[in-house]
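To start, the structure itself, in structure tokens.
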Amino acid sequence: MVTTSKKPGKQRKEIYAAPLHRKRKKIASHLEGSLIKKHNVRSMPVKRGDTVMVMRGKWKGFAGKVLRIDVSHRKVVVEGVTLHKADGKEVEMPLDPSNLLITKLDLSDKKRKAKLERLGGS
């Protein structure tokens, strides 16, 4: 019997060693229930301008716009999610996209809009 599955360590290594254009697709979050029904798509790659809600961790329940995406480290920076350092400075806290829920999609990108229409027919 031949299986094509890989060990978890190999799967993780593949993600970390992947080129940036492949890593970009892995930075995805689930959509809110109403968006799933509307677009007939469960998850989408997060994009700057999307409104997201934090579902896990210290910032659970907090909603804000996506300011920046760090593709190489697979992290998302959300507006208003900051930490206070010991010297008094505020720094942005990067979040994992798996801990976010997209509540509002930024549909200003024509390609993204076309993809949603092609996949779900909204």
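Counting with this note's numbering, you get residues 2 to 123 for the letters of the sequence shown.
In this text, a Cβ means the ideal position worked out from N, Cα and C, and glycines have one as well.
Under the 10 Å beta carbon count, D88 is surrounded by fewer than 16 other beta carbons and is classified as exposed. The C-beta distance from P98 to R75 rounds to 7 Å, short enough to fall under 8 Å.
The three-state secondary structure of S35, taken from DSSP, is helix. A straight line joining the alpha-carbon of V67 with that of K61 spans about 15 Å. Residue range 9-18 is occupied by the alpha helix (DSSP H) that includes R13. The residue from L84, R43, K48, I16 with its alpha-carbon nearest to that of S73 is I16. Of the residues H31, K24, E93, the one whose Cα lies closest to the Cα of V53 is H31. Between V78 and E91, the CB-CB gap reaches or exceeds 7 Å. When DSSP reads this structure, M45 sits in a beta bridge with S30. In the three-state DSSP reduction, H74 falls in the coil class, being neither helix nor strand.
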